[in-house]
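In full-length UniProt numbering, the protein residues as written are 1 to 155.
Don't be surprised by glycine CBs; every beta carbon is placed ideally from N, CA and C.
Quantities reported herein were computed from a predicted structural model and do not represent experimental measurements.
One structure is given below, encoded as structure tokens.
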């Protein structure tokens with residue numbers, strides 16, 4: 001892994017960050033959904049005041065992000081995206097590792113939870129390689145799998 005990557009939890013969710021995150025999300029997901037309704041709902045989600053951003057920088061350029069929201073003792077990962085040129089270079093794993101360590105150290109959260117489209121096989125493989133497990137208590141057999149990482153486990 002190149003040590004020119006740096007992960008930062010942004011304290012201010014600026015309009016620039018939200019716009020960049022929205023554009024990257026839409027670009028990365030266009031093979032799954034490119035409707036105007038999808039773009040509208042993603043814009044609403046990314047613009048939500050509860051959304052927090054963890055950004056990966058490479059030589060001071062944004063190359064990936066993770067968007068989370070906290071609910072009770074759970075961290076929900078709503079989005080994780082990496083620009084095309086930096087895929088398969090460990091950026092996604094860096095973002096997930098940051099989340100695991102950061103929220104584990106806060107000692108007030110039990111798990112990281114995310115949803116993935118059932119036909120997004122590359123993402124499913126990625127989450128499983130990063131020790132996320134299917135949460136069988138969630139049952140939406142039509143579109144998504146629910147994956148969970150237990151922060152109470154040592155890793």
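- With a beta-carbon spacing of about 6 Å, residue 93 and residue 130 fall inside the 8 Å limit used to define contacts.
- Taking residue 125 as reference, the option from 105, 111, 112 and 147 with the minimal CA-CA separation is 147.
- With contacts defined by Cβ atoms closer than 8 Å, residue 26 and residue 42 form a contacting pair.
- DSSP places residue 64 within a strand segment (E or B) once states are collapsed to three.
- Judged by beta-carbon spacing, residue 8 lies within the 8 Å limit of residue 57, meaning their Cβ atoms are closer than that value.
- Across the structure, residue 28 and residue 104 are spaced so that their CA atoms are roughly 29 Å apart.
- For residue 17, the enclosing alpha helix (DSSP H) starts and ends at 15-29.
- Cβ-Cβ distances below 6 Å link residue 127 to 147 in the same chain, with the five nearest sequence neighbours on each side left out; the list follows chain order.
- The beta carbons of residue 76 and residue 116 sit about 13 Å from each other, so the pair does not count as a contact at 8 Å.
- Ranked by how close their Cα comes to the Cα of residue 32, the residues 19, 121 and 96 have 121 in first place.
- Pairing residue 82 with residue 142, the inter-Cα distance amounts to about 26 Å.
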